[in-house]
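Participant:
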Amino acid sequence: MKRKTLLLALLALFPAFLFAGEGMWIPMLLQYNEKEMQEMGMKITAEDIYSINHSSLKDAIVLFGGGCTGEIVSDYGLLLTNHHCGYDYIQKHSSVEHDYLTKGFWAMNKGEELPCPGLSVIFLREMRDVTEKILFNVTPDMTEEERDAKINENMKKLIAEFEEETPYKVSIKPFFLGNQYYMLFNEVYTDVRLVGCPPSNIGKFGGDTDNWVWPRHTGDFSIFRVYADKDGHPAAYSKDNVPYKPAKHLDISLKGAEEGDFAFVFGYPARTNEYLPAVAVDQEANLIDPITVDLRGKVLDIYNKYQEQDPKVRIQYASKHAGLGNGWKKWIGVTEGINHFHGVEKKQAFEKDFQEWVMQSRSRYMYMHLLKDFEKNYKDLEPYELAYTYLAEAGLRIELVSFAGRFAKLSEVNKDTPQEEIEKMVAALKTTSNAFFKDYYEPIDREVAVMVLNEYLKAQPADFRPDFLNDIKDVNDYVDKLFAKSMFTDEAKVNELLDDFKPSKAKKLAKDPALQVYQSLIGFYREKVYDQISSISKDNARLQRIYMKGQMEMHPDRRLFPDANFTLRVTYGKVEGFKPQDGKTYRHFTTLEGIMQKENPDIYDYVVEPRLKELYNKKDYGRYADKDGTMHVAFTASVHTTGGNSGSPILNAEGQLLGLNFDRCWEGTMSDLIYDPDICRNISVDIRYVLFIIDKFAGAGHLIDEMTIVE
Ligand code: ARG
Ligand code: GLU
């Protein structure tokens, strides 16, 4: 504790350093940002945001469903998050008769709310710095194994100790790449019910076409309610549970935000890598990402071609397209951003200064070889990273092969395998198989197979390929035979196998050519790739920890923030547009006009609900219109966010809700590696549009009545 107290005391002596949007700050240390936040316009205090002595905004923020953020907006546990965060649960409740995905869903009273088994929300009750206790007896001369063992032992002891005296779930997480440790006291609520969601052509308007793109017009929100037992404690679903009463819920502002206004996001960013060495950034942005982008781009072209021809195929491949396309577009942005911003060169310049600083003092000998070691490790890593990339993005991209792979275990059973185990496997595979064939279109997969195998052969040297690839003479011919001979293209044959499976059939199954391709890929990975990647990565984690320590020592005056690690953070900046390119300027907000401009009844992503059009034509916006008379839909801000921040509240100077974060602009997606205030923008849906949809569009004004609205 002592060293950190000293560090913090030092920090307080230095004048505020202007970060212009960068940083994901630990809420319990927010007092060190308070001055800067207030200078930027914030009217509340750090204590108002995070306190363990009285209620604060943090009491309204949850980790939603393990991957998104949500916020409580009423005294009756009403929760807002993104539509894409609630999507799975909306889908689970949807059927042909009740197509909530297409039509939306609105519970008109609490009795109509839909339980969501498997969904939980987590409240952070408190966090504590436990660095000293976790690093107790950890010495510099330890091997990594000894170090890990000691840390684990210290963690276990500490968790056990605290679990005895608190009702909360206790966990410990590393921060600053293993230089600091914080203990988190969480409360997990598991009775969470679906209350409402707009139709997909509002909640997902623009779909994957607009994903990561500004200008944006997505009403990306859904509504849930948290339930508790009579005493407010977490409880499994029960009819007797009551709406959870939070210590604090968020107030909602109808004033909107002007360009330049202070704003902050409070939520659960998942992962960033802001302290990587230049070689790592270069490898990711200029080698791995472009290959992935190229391969995925070609796959998406094939999907597009068939999806455009046939509405059935469009639906079958919608979700696959979304999954591939999300990363594809993001990584295009990462590479462009890093190069445009000279990210690698900037890191190199920093490293030069770092090395000079190291050489100034003997006491810094531990940092002396760091950068050289990184160079060597990343160079060594390169062929393995490439091998892994082709394996995942080419080999396993053939649906037939990855589907066949699901049967690998079954192909290994024998007469000694317990019957019960076999039955379990078979039951699970039936589900897998149904889902696979429902969304499988063989012509797409054949074309993808030819494309990826050609790319694979072109890119990877013969001694670094799975065996099956080296046996291929003619790719077209090979793919024809593979698809003709494998049983996995034929639903009837797969059903026949599963309906009457006996261990005696395993041998024949194992000989299926698609399953053999899968085994060849995995075998290659196990024998030639896995050990290398994991041992180098482990060493890189060690170097990274030491490098982080060095960076903190070198700049005691600079407030560094720990990389995102799925813990609660505050990030802040301004509501503002940007200039993505020379000659192009983006305004910071969009309006309903834009939805009407994008409208196209023939393109799925741009169909506009008749009721929305009616409200637009009548300009029936009620109190939700901006003072300029239009209906604002979304806005951008220079707030540092990443995946996991979806659904996070974006709040104004008073700490009132302005909107829900749901995306970033692709031009600035490099912010996971390097943040550039000029082009990194997060995108939020305007809370007034959310309320307008709830109230005017859906007629669910009773939900608004629960909220605290500040006009
Ligand atoms: N790009 C956002 C994120 O990274 C939103 C993804 C969901 N929306 C979509 N149109 N696919 O997760
Ligand atoms: N859509 C992302 C999410 O689901 C947020 C976008 C981002 O990566 O910033 O968390």
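For what it's worth, this note's numbering labels the leading residue of the sequence shown as 1121, then goes sequentially. Cβ coordinates follow ideal geometry from the N, Cα and C atoms, glycine included.
For Ser-1342, which residues does DSSP report across the bridge?
Facilitator: Partner(s): Thr-1201.
Participant: At a cut-off of 7 Å, is Cys-1188 close to the ligand GLU when judged by its beta-carbon and the heavy atoms of the ligand?
Facilitator: Checking the Cβ of Cys-1188 against the ligand GLU gives yes.
Participant: Return the residue from the list Asp-1806, Leu-1198, Asp-1583 that minimises the CA-CA distance to Asp-1311.
Facilitator: The residue with the shortest Cα to Cα distance from Asp-1311 is Leu-1198.
Participant: Is Thr-1762 a contact residue of the ligand GLU, with contact defined as CB to any heavy atom under 7 Å?
Facilitator: Checking every heavy atom of the ligand GLU against the Cβ of Thr-1762, one is found closer than 7 Å.
Participant: In the DSSP output, which residue or residues are listed as bridge partners for Ala-1757?
Facilitator: For Ala-1757, which the question treats as bridged, DSSP gives the partners Val-1695, Asn-1802.
Participant: By how many angstroms is the C-alpha of Ile-1799 removed from the C-alpha of Asp-1825?
Facilitator: Distance between the alpha carbons of Asp-1825 and Ile-1799 is about 39 Å.
Participant: So Asp-1632 and Ser-1606 are in contact, right, with Cβ under 8 Å, and what is the actual spacing, rounded?
Facilitator: The Cβ separation is near 5 Å, so the contact holds.
Participant: I'd like to know whether the C-beta atoms of Asp-1651 and Asn-1497 end up nearer to each other than 8 Å.
Facilitator: It is not a contact, given that the beta carbons lie outside the stated cut-off.
Participant: Jot down the residue ranges of each uninterrupted alpha helix (DSSP H) in the segment 1695-1755, minimum 4 residues, whole runs only, in chain order.
Facilitator: For the segment 1695-1755, whole alpha helix (DSSP H) runs of length 4 or above, ordered along the chain, are 1712-1718, 1730-1738.
Participant: Output the boundary residues of the beta strand (DSSP E) element that contains Met-1668.
Facilitator: Careful: Met-1668 lies outside any beta strand (DSSP E), inside the alpha helix (DSSP H) at 1650-1674.
Participant: Round the Cβ separation of Leu-1420 and Trp-1448 to the nearest angstrom and send it over; I've been treating them as touching at under 8 Å.
Facilitator: Right, the Cβ-Cβ distance comes to about 6 Å (below 8 Å), so this counts as a contact.
Participant: According to DSSP, is Arg-1484 part of a helix, a strand, or is it coil?
Facilitator: Residue state, collapsed to three classes: helix.
Participant: Quick one: Cα of Leu-1130 to Cα of Ile-1322, how far?
Facilitator: Low confidence applies here, because Leu-1130 scores a pLDDT of 40, under 50, leaving its location unreliable and the question unanswered by this model.
Participant: Consider the C-beta atom of Asn-1459 and the heavy atoms of the ligand GLU; say whether any pair is separated by less than 7 Å.
Facilitator: False, no ligand heavy atom lies under 7 Å from that Cβ.
Participant: Val-1834 and His-1369: beta carbons closer than 8 Å?
Facilitator: Outside the shown range of the chain, which is 1121 to 1831, sits residue 1834, and nothing can be said about it.
Participant: Could you check the C-alpha separation between Ile-1146 and Val-1690 for me, to the nearest Å?
Facilitator: Rounded to the nearest angstrom, the two C-alpha atoms are 7 Å apart.
Participant: Label Gln-1701 either buried or exposed according to how many other C-beta atoms from any shown protein chain fall within 10 Å of its C-beta, with 16 as the threshold for buried.
Facilitator: The residue is exposed, with fewer than 16 neighbouring Cβ atoms inside 10 Å.
Participant: Tell me which residues share the same chain as Thr-1222 and place their Cβ nearer than 7 Å to its Cβ, disregarding the 5 neighbours each side in the sequence.
Facilitator: Excluding positions up to five away in sequence, the list reads Pro-1319, Ser-1320.
Participant: Count the C-beta pairs between the segment 1736-1749 and the segment 1805-1814 that are closer than 8 Å, then say yes if the count reaches three, no if not.
Facilitator: With a cut-off of 8 Å, the segment 1805-1814 and the segment 1736-1749 count as touching, because enough Cβ pairs lie within range.
Participant: Decide if Asp-1351 is buried, meaning its Cβ has at least 16 other Cβ atoms within 10 Å, or exposed.
Facilitator: Answer is exposed; the Cβ neighbour count stays below 16.
Participant: Take Ile-1181 and list the residues in its own chain whose beta-carbon comes closer than 6 Å to its own, dropping the five residues that flank it on each side.
Facilitator: For Ile-1181, where only same-chain residues beyond five positions count, the Cβ hits under 6 Å are Glu-1191, Phe-1386.
Participant: May I ask whether a heavy atom of the ligand GLU can be found less than 7 Å away from the beta carbon of Ser-1657?
Facilitator: Checking every heavy atom of the ligand GLU against the Cβ of Ser-1657, none is found closer than 7 Å.
Participant: Given Asp-1360, which residues of its chain have a CB within under 7 Å of its CB, disregarding the five upstream and five downstream residues?
Facilitator: Correct list: empty, nothing qualifies.
Participant: So does Phe-1686 have its beta carbon nearer than 7 Å to some heavy atom of the ligand GLU?
Facilitator: No, since every heavy atom of the ligand GLU falls outside the 7 Å radius drawn around the Cβ of Phe-1686.
Participant: With a 10 Å radius around its C-beta and 16 neighbouring C-beta atoms as the bar for buried, classify Arg-1123 as buried or exposed.
Facilitator: The predicted model places Arg-1123 with a pLDDT of 46, which falls under 50 and marks its position as unreliable; any figure quoted below should be read in that light. Under this definition Arg-1123 is an exposed residue.
Participant: Is the segment 1577-1595 close to the segment 1545-1557, with three or more CB pairs under 8 Å?
Facilitator: The segment 1577-1595 vs the segment 1545-1557: no contact.
Participant: Is any beta-carbon of chain B found at less than 8 Å from that of Phe-1621?
Facilitator: The chain labelled as chain B is not found in the depicted structure, where only one protein chain is given.
Participant: Using alpha carbons as the reference points, say which of Glu-1505, Ala-1469, Asp-1722 lies closest to Leu-1407.
Facilitator: The shortest Cα separation from Leu-1407 among Glu-1505, Ala-1469, Asp-1722 belongs to Glu-1505.
Participant: Below 8 Å between beta carbons: does that hold for Val-1695 and Ala-1757?
Facilitator: Yes, the pair counts as a contact, with Cβ atoms nearer than the cut-off.
Participant: Name the residue from Val-1568, Lys-1625, Asp-1559 whose alpha carbon lies nearest to the alpha carbon of Phe-1603.
Facilitator: Among Val-1568, Lys-1625, Asp-1559, the Cα nearest to that of Phe-1603 belongs to Val-1568.
Participant: Do the CB positions of Leu-1415 and Ala-1514 come within less than 8 Å of each other?
Facilitator: Taking 8 Å as the Cβ cut-off, Leu-1415 and Ala-1514 qualify as a contacting pair.
Participant: Just list the alpha helix (DSSP H) runs in the segment 1518-1574, keeping only unbroken ones of 4 residues or longer that don't cross its boundaries, in chain order.
Facilitator: Listed in chain order, they are 1519-1525, 1539-1558.
Participant: I want to check one thing, is the minimum distance from the CB of Ser-1832 to the heavy atoms of the ligand GLU below 7 Å?
Facilitator: With the chain represented from 1121 up to 1831, any question about residue 1832 goes unanswered, as that position is not in the structure.
Participant: Nearest by alpha-carbon distance to Ala-1626: which of Leu-1491, Thr-1537, Arg-1662, Leu-1589 is it?
Facilitator: Ranking the options by Cα distance to Ala-1626, first place goes to Thr-1537.
Participant: Determine the contact status of Phe-1184 and Thr-1201, defining contact as a CB-CB distance below 8 Å.
Facilitator: The answer is yes: Cβ separation under 8 Å.
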